[in-house]
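The block underneath contains the structure these notes are about, expressed in structure tokens.
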Amino acid sequence: MRVVAGDASDSDTPLRAVFKINLNGQTVSIATVGQAYRFITNLSSIEWIEFRALHADAVNTLQRAADNAMLTVQATNALRALFVRAKLL
9 MRVVAGDASD SDTPLRAVFK INLNGQTVSI ATVGQAYRFI TNLSSIEWIE
59 FRALHADAVN TLQRAADNAM LTVQATNALR ALFVRAKLL
């Protein structure tokens with residue numbers, strides 16, 4: 009079964025970690041697949057261009073985790089790699 013983007017953005021599946029990101033002077037807390045998916049897809053693709061491969065991996069794993077909660081470990085790891093590389097954590 010293929011997951012559509014709307015499903016991933018609405019997912020309440022919890023991630024294995026809560027990410028607290030300081031963005032424009034405000035702390036953003038990311039705890040679910042849906043929150044993470046919305047955060048990394050709502051920003052402009054230009055902002056992620058330097059991290060294109062990591063971004064694509066995170067998007068793909070979040071889409072799969074929205075459909076299968078057992079994949080939240082991989083999604084969490086993909087997000088962590090993206091956020092660390094982008095110096096958001």
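Quick note: the sequence shown uses my numbering, first residue 9, plus one each step.
We put the CB at the ideal spot given by N, CA and C, even for glycine.
Please read all numbers here as calculations on a predicted model, not as lab measurements.
Return the chain-ordered list of same chain residues with a C-beta closer than 6 Å to the C-beta of Ala77, the five sequence neighbours on each side being excluded.
Thr21
Can you tell me the Cβ-Cβ gap for Ala86 and Ala66, rounded? I've got them flagged as a contact below 8 Å.
4 Å
Determine which residues share a DSSP beta bridge with Ser37 and list them.
Lys28
Could you check which residue in Phe59, Val26, Phe27 and Ser53 has the C-alpha nearest to that of Leu90?
Here the closest residue by C-alpha is Phe59.
What's the gap between the Cα of Leu96 and the Cα of Phe27?
10 Å
Within a Cβ cutoff of 6 Å, which residues of the same chain sit near Ala25, ignoring the five residues on either side of it in sequence?
Thr84
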